[in-house]
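Residue numbers (the numbering used here): 6 to 233.
One structure is given below, encoded as structure tokens.
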């Protein structure tokens, strides 16, 4: 890979999410934030004045669909790659995005570890250069973009349940114990704790002992303010 960092434009209408995405990008070696846009129009203005290699693009923007932005960029000859960050699960949109040069999709909610993995795979793909010696080398270059089966979650954890646990924890200003999270989500305390521990490992949540109860103190989990 070139010694020059990969320049990323974050396009996200939610200011809190945009700041979180920019923070995430800045934490990945080999990447730098070229700008942050909260609308399609603002993204176009930044692209007119700044060098951008990759768009981290939310598909639902206040002034138009993200793929409309990508289509207009392609028509103008802009070759920046795109990673779509979205809650959209419509496979027709996914297919359209692929035809426009969307190299990856990251479904919300996601953790820093997920985005770090996708950016790392993109960097590996981007580093492929020269002439391939054969089919195997072509397959390896394209395979770098593919996420592992299961989306990188530990065995036994599911993305939908992780999304519910994530949303529940984010909405609790005081934090939650595993028992409280399990009761709110409708899963066992032990299962809830596995999801909460995963969020801690991913850097999205933090835990601390909760004292004042009889017996062993319980662990209290809180969403980190900078996490998304």
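Glycine included, every Cβ here is placed at the ideal spot set by N, Cα and C.
Leaving aside the five residues before and after residue 99 along the sequence, list all residues of the same chain whose C-beta is less than 7 angstroms from its C-beta, in chain order. Indexing the chain shown from 1 puts residue 99 at position 94. Cβ neighbours of residue 99 beyond the five flanking positions: 110.
Which residue marks the beginning of the beta strand (DSSP E) containing residue 106, and which one marks its end? Here residue 106 corresponds to residue number 101 of the chain shown, with the count starting at 1. Residue 106 -> no beta strand (DSSP E), and no H or E assigned at all.
Does the Cβ of residue 85 have 16 or more other Cβ atoms within 10 Å, making it buried, or fewer, making it exposed? Translated into positions along the chain shown, residue 85 becomes position 80. It is buried - the Cβ of residue 85 has at least 16 other Cβ atoms within 10 Å.
Go ahead and label residue 126 buried or exposed: buried means 16 or more other beta carbons lie within 10 angstroms of its beta carbon, across all protein chains shown. Working through the chain shown from its first residue, we reach residue 126 at position 121. Its Cβ being crowded by 16 or more others within 10 Å, residue 126 is buried.
Report yes if the CB atom of residue 200 is closer than 9 angstroms to the CB atom of residue 170, and no otherwise. The residue given as residue 200 occupies position 195 in the chain shown. The residue given as residue 170 occupies position 165 in the chain shown. Yes.
Which of helix, strand or coil does DSSP assign to residue 69? To locate residue 69, count along the chain shown from 1; it is residue 64. In this structure, residue 69 counts as strand in the three-state DSSP scheme.
Could you give the residue range of the alpha helix (DSSP H) that holds residue 36? Your numbering for residue 36 matches position 31 in the chain shown. Residue 36 -> not in any alpha helix (DSSP H); beta strand (DSSP E) instead, spanning 36-42.
Taking the DSSP output, what are the residues bridged to residue 211? Working through the chain shown from its first residue, we reach residue 211 at position 206. 227, per the DSSP bridge assignment.
Would you mind working out which of 35, 101, 194, 175 sits nearest residue 182, comparing C-alpha positions? Numbered from 1 along the chain shown, position 177 holds the residue referred to as residue 182. Closest option to residue 182, Cα to Cα, is 194.
Three-state secondary structure (DSSP) at residue 192? Against the chain shown, residue 192 aligns to sequence position 187. Residue state, collapsed to three classes: coil.
Leaving out five residues on either side along the sequence, give the residues of the same chain with a beta carbon under 6 angstroms from the beta carbon of residue 62. Within the chain shown, the letter at position 57 stands for residue 62. Excluding sequence neighbours, residue 62 sits near 16, 71, 87, 89.
Assuming contact is defined by CB atoms lying nearer than 9 angstroms, are residue 40 and residue 57 in contact in what I supplied? Walking along the chain shown from the start, residue 40 turns up at place 35. Walking along the chain shown from the start, residue 57 turns up at place 52. In this structure, residue 57 lies closer than 9 angstroms to residue 40 by Cβ.
Exposed or buried, what is residue 176 when buried is set at 16 or more other beta-carbons lying within 10 Å of its beta-carbon? As a first step, residue 176 is located in the chain shown; it is residue number 171 there, counting from the start. Counting Cβ neighbours within 10 Å, residue 176 comes out exposed, since fewer than 16 surround it.
For residue 222 and residue 128, the rounded distance between their alpha carbons: Residue numbering aside, residue 128 sits at position 123 when the chain shown is read from its first letter. Residue numbering aside, residue 222 sits at position 217 when the chain shown is read from its first letter. Going from the Cα of residue 128 to the Cα of residue 222 covers about 44 angstroms.
Below 8 angstroms, is the gap between the Cβ of residue 225 and the nearest heavy atom of the ligand ZN? Absent from the structure shown: the ligand ZN. Ligands present: none.
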